[in-house]
Each structure stands twice: as C-alpha cells, then as structure tokens.
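Asker: In the working numbering, the protein residues as written are 536 to 629.
#1: Ordered along the chain, which non-local residues of its own chain (more than five positions away) have a Cβ less than 7 Å from that of residue 627?
#2: Please report the residue range of the alpha helix (DSSP H) in which residue 592 lies.
#3: With residue 599 as the anchor, note down where its beta strand (DSSP E) starts and where it stops.
#4: Rounding to the nearest angstrom, what Cα-Cα distance links residue 584 and residue 550 in this structure?
#5: So what does DSSP say about residue 567, is it helix, strand or coil?
#6: Between residue 595 and residue 570, what straight-line distance do the alpha-carbon atoms span, to the nearest angstrom?
#7: Considering just the uninterrupted stretch of the alpha helix (DSSP H) at residue 578, what are its terminal residues?
#8: Using a Cβ-Cβ cut-off of 6 Å (strictly less than) and excluding sequence neighbours within five positions of residue 625, which residues of its own chain qualify?
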C-alpha cells in the first residue's frame, strides 16, 4: 500500500470512529428505544453505503429486507416498518 493510500485509510478510520461516537451520543441523548448498529466500514464496503444515516431493515429471520440511504421522515419509517412487520390482528375475545 502506498503512503497516500495508507493516509487515506487512516483518515477514513478516524472519520468512521468520530461518526460512531457522535451517533452513540445522539442515541443516548434522544433515548432511542431500538437497537442501533454502528459500522466500522464493513457494511459500507459491502452494501455501498453512500449517506449518513443508513437504515437497514431486517426481517424476522435476520435477513436484510431493505436499505435506505439518508434521512427518513417518521412516516417513511412507519411505512417501511409495516412492510416487514405488518400489524398482527387483535385476537378475538371469547
């Protein structure tokens, strides 16, 4: 690896670390009740992450159902969640 490439990798590693720290602080401050994963570059390289944030929807089997690049509105989030976790019917009273 060339010196320039090594410097670029070191800079990217620092950027990823800083983004993860900021994201974790934000999640704590906002008291986000659902799990949030923080990437160390593997996801970005594998799935072509191009924007922050990246939202990954997993189905009940843990398979990737959808990836959204960039911010989402609450309505968009609800729509995408409904696609992978449709509301269950309320049990009938007996």
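C-beta: ideal position from N, C-alpha, C; glycine also.
Answerer: Let me spell this out:
#1: Residue placement at residue 627 is flagged as unreliable, the pLDDT there being 48, under the threshold of 50; the coordinate-derived value follows with that caveat. Taken in chain order, the list of residues that qualify is empty.
#2: That residue, residue 592, is in no alpha helix (DSSP H); its beta strand (DSSP E) goes 589–593.
#3: 599–604
#4: 14 Å
#5: coil
#6: 14 Å
#7: 577–582
#8: Here the model assigns residue 625 a pLDDT of 47, short of 50, so the residue's position is not dependable, and the following value carries that caveat. Contacts found: none.
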